[in-house]
Amino acid sequence: MNIFIGSLPYSIVEADLEEAFGDYGTVESVKIIMDKFSGKSKGFGFIEMPNDEEAQKAIDELNGASVEGRTIVVKKSEPKPQGQGGGRRNFNQNNRGGNQRGGGGYNRNRGGYDRD
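Here the sequence shown is numbered in the working numbering, starting from 180 and rising by one per residue.
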């Protein structure tokens, strides 16, 4: 079972989560999500436990627990529905501006700066 853990203190590391969930059974993997620019924790992560009964017991007992003064959220992770993006917009590749209406940058069709 894949388990979501939210509201984590930013100081928690994957080994801490593995140890806490290991008290309930076998932990297959642990992943704390990190910000790609700062390299710091985003305050949530995922645990994979192969035994559903052990995983459910960990969820039941750890959800709402206080960790370093923060009340954590622990629940079964549901997969994203197909077709649901992560909130990113897919802008037209021919748009040289920076928004969907165009503008900004140079534009060969409207005069202004011309590289030729």
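Glycine included, every Cβ here is placed at the ideal spot set by N, Cα and C. Bear in mind the structure is a predicted one, so any value in this text is a computation, not a measurement.
Own chain partners of residue i with C-beta closer than 7 Å, once the 5 adjacent residues on each side are dropped
i	result
Asn230	Gly204 and Thr205
Ile212	Lys221, Phe223 and Gly224
Lys255	Met180, Ile182 and Ile238
Asp214	Lys221
Reduced DSSP secondary structure (H/G/I, E/B, other) of residue i
i	result
Phe200	helix
Lys215	coil
Tyr292	Any reading at Tyr292 is ruled out, since the residue's pLDDT is 49, under 50, leaving its predicted position unreliable.
Glu232	helix
Ile238	helix
Cβ-Cβ distance between residue i and residue j below 8 Å
i	j	result
Phe223	Phe183	yes
Phe225	Lys210	yes
Glu240	Pro188	no
Gly185	Val252	yes
Cut-off 6 Å between Cβ atoms - residues of its own chain near residue i, not counting five sequence neighbours on either side
i	result
Glu207	Glu227 and Pro229
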